[in-house]
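To start, the structure itself, in structure tokens.
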Amino acid sequence: MITVYWEGKERHVEMDSARVSDILKHLGVLPEVVIVARNGEVVSEEEVVRSGDKVKIIKAISGG
Amino acid sequence: VKCRKCGGRAVISLKEHKLSLCKTHYVEWFTDYTRKTIVKFGMLNHGDRVLVAVSGGKDSLALWDVLNTLGYDTIGLYIDLGIEEENYSGTSREKCAAFARRIGRELKIVKIEDEIGAGIPYIRKVTRRPVCSVCGLTKRYYMNKVAIETGATVLATGHNLDDEVSQLFGNIMNWQIDYLAQQSPALPERGEGLRKKIKPFCYFTEKQTLLYTLLRNIDYVEMDCRYSLGATTLSNKEIINQIEHRSPGAKRRFYDGFLRNKSLFEAMDENVELRKCARCGMPTVNEVCSFCHTSSKVTSAMGRS
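Sequence lines, in order, name chains Z and F. Using our numbering, the first residue of the first sequence is number 221, and each one after it goes up by one. Using our numbering, the first residue of the second sequence is number 204, and each one after it goes up by one.
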């Protein structure tokens with residue numbers, strides 16, 4: 221199980237491992253508008269996340 | 204994916220540049236790309252004193268950081284709009300002050316409530332104008348005024364590619380020729396009182412500025428201004444990024460295409476003469492500037508209450 225923090229909420233994704241891009245797709249989030257951190261480290265969308273990892277999705281778009 | 208420069212682990216793949224970079228080389232690339240943008244649009248000379256308008260958000264603090272790294276003479280400006288909900292203005296001001304201390308530069312703070320007696324929420328109520336319009340008017344007025352007062356020759360803002368494309372999209376949707384004629388990465392100084400304005404981040408996406416901010420450990424305000432929620436700018440950005448997702452590089456092509464053809468809009472626009480506002484002396488097209496009109500409405504409303 222992968223723990224994902226997004227929009228102030230904690231979610232659990234039932235996957236053993238997945239690419240960051242697949243998690244974003246699963247949540248319906250465009251990779252163009254976020255940065256993802258795995259266990260506190262910024263990673264690219266091509267990186268793999270495994271069960272037990274904590275993933276934080278940080279929003280890039282603001283109202284300005 | 205590996206960094207093209209060193210073979211280390213890449214943190215981003217820049218599809219439009221066909222480039223993958225690690226943390227160190229991304230920060231280096233970002234700084235150098237800003238320098239190239241400054242040169243491309245003739246934004247700055249090394250004798251310039253730059254007033255950087257900072258909001259506490261990622262883009263403006265990142266811009267101040269990069270200009271400082273590039274060796275420019277900078278001074279920050281924070282405009283306290285008096286938005287008390289969730290202590291938005293207070294938190295933003297503190298983030299700007301902390302960043303100014305970190306880089307050892309001066310930060311000017313203008314508190315709107317001290318200037319005209321009330322903050323943005325009250326001004327919005329009195330004028331009945333959309334809040335983003337009141338906010339924009341107030342910020343533009345003080346950015347230019349403080350630039351003059353501090354002897355700054357150029358005013359820099361952290362607008363990024365998403366901001367620029369979203370604004371362009373909105374202006375085209377409404378065919379606002381005058382706004383299209385005036386939208387530019389570098390607006391020259393005009394008349395006696397309108398300072399040069401530049402947007403050195405106009406080619407970076409919001410994702411790219413966020414990544415730079417995170418990698419440089421810049422503490423920024425993550426929450427959105429509550430008044431911006433539901434704003435057209437945000438929905439435009441959503442639409443534009445869906446297009447970008449299907450067609451990488453679409454935002455940049457749209458923006459570059461506009462810059463190449465901007466003269467068409469300039470030719471259609473009436474070049475109005477600027478004069479000094481009869482009350483405050485700042486440049487305006489009318490006898491009294493819009494800000495003075497707004498400010499006097501606030502003063503009379505406060506006198507009545």
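From the three backbone atoms N, C-alpha and C, an ideal C-beta is built for every residue, glycine too.
- If you check each beta-carbon in the segment 248-277 of chain Z against every beta-carbon of chain F, the ones closer than 9 Å belong to Leu-250, Pro-251, Glu-252, Val-253, Val-254, Ile-255, Ala-257, Glu-261, Val-262, Val-263, Ser-264, Glu-265, Glu-266, Glu-267.
- Rounded to the nearest whole angstrom, the CA to CA distance from F/Pro-324 to F/Ser-499 is 16 Å.
- Using a CB distance cut-off of 8 Å, F/Asn-439 does not count as an interface residue toward chain Z.
- Here Z/His-232 is exposed: its Cβ has fewer than 16 other Cβ atoms, across all protein chains shown, within 10 Å.
- None of the residues of the segment 316-330 of chain F has a beta carbon lying less than 8 Å from any beta carbon of chain Z.
- Out of F/Ser-450, F/Glu-288, F/Asp-317, F/Lys-298, the CA that lies nearest to the CA of F/Asp-262 is found in F/Lys-298.
- For F/Thr-341, no CB of chain Z lies under 8 Å from its own CB, so it is not counted at the interface with that chain.
- Apart from sequence neighbours up to five positions away, the residues of its chain that approach Z/Ser-237 with a beta-carbon distance below 6 Å are Val-268, Arg-270, ordered along the chain.
- Identification of chain Z residues near F/Gly-260 by a Cβ-Cβ cut-off of 7 Å yields Ser-282, ordered along the chain.
- As the crow flies, the alpha-carbon of F/Tyr-406 is around 15 Å from that of Z/Val-253.
- Contacts between F/Ile-215 and chain Z, judged by CB atoms closer than 7 Å, involve Ser-264 in chain order.
- Residues of the segment 401-413 of chain F that bring their beta carbon within less than 8 Å of a beta carbon in chain Z comprise Thr-408, Glu-409, Lys-410, Thr-412, Leu-413, in sequence order.
- Excluding sequence positions up to five before and after F/Gly-320, its CB lies within less than 7 Å of the CB of Val-501, Thr-502, Met-505, all in the same chain and listed in chain order.
- In terms of Cα proximity to F/Gly-210, the closest of F/Tyr-229, F/Glu-219, F/His-220, F/Lys-218 is F/Tyr-229.
- Counting only residues of its own chain and dropping the five nearest sequence neighbours on each side, Z/Ile-277 has a CB closer than 6 Å to the CB of Trp-226, Val-254, Val-256.
- With fewer than three CB-CB distances shorter than 8 Å, the segment 327-335 of chain F does not count as touching the segment 478-486 of chain F.
- Here the alpha carbon of F/Pro-486 sits roughly 45 Å from the alpha carbon of F/Leu-224.
- DSSP lists Z/His-232, Z/Lys-274 as the bridge partner or partners of Z/Thr-223.
- Cβ-Cβ distances below 7 Å link F/Leu-222 to Arg-207 in the same chain, with the five nearest sequence neighbours on each side left out; the list follows chain order.
- Exposed is the label assigned to F/Val-491, since fewer than 16 other Cβ atoms lie within 10 Å of its Cβ.
- Within the same chain, and ignoring the five residues on either side of F/Glu-409 in sequence, the residues whose Cβ sits closer than 6 Å to its Cβ are Asn-363, Asp-365.
- Taken in chain order, the members of the segment 247-281 of chain F whose beta-carbon sits within less than 9 Å of a beta-carbon on chain Z are Ser-258, Gly-260, Lys-261, Asp-262.
- Taking a C-beta distance under 8 Å as the contact criterion, F/Lys-454 and F/Val-368 qualify as a contact pair.
- Within the same chain, Cβ atoms closer than 6 Å to the Cβ of F/Leu-358 are found at Leu-254, Met-346, Ala-350, Arg-398, Lys-400, the five residues on either side in sequence being excluded.
- Put simply, the CB of F/Gln-379 is far from chain Z, with every gap to its CB atoms at 8 Å or more.
- Contact check for Z/Ser-241 against F/Ala-213 fails: the beta carbons are separated by 8 Å or more.
- If you look at F/Ala-300, you'll find it in the alpha helix (DSSP H) that goes 291-306.
- Annotated three-state conformation of Z/Glu-261 is strand, per DSSP.
- Residue-level contact by beta carbon holds for F/Cys-428 and chain Z, with a gap shorter than 8 Å.
- The continuous alpha helix (DSSP H) containing F/Gly-373 extends over residues 364-376.
- In the three-state DSSP reduction, Z/Val-269 falls in the strand class (E or B).
- Distances from the CA of F/Arg-252 to each of F/Glu-395, F/Lys-465, F/Ala-265, F/Arg-308 were compared; the closest alpha carbon is that of F/Arg-308.
- Between F/Asn-374 and F/Gln-386, the CB-CB gap stays under 8 Å.
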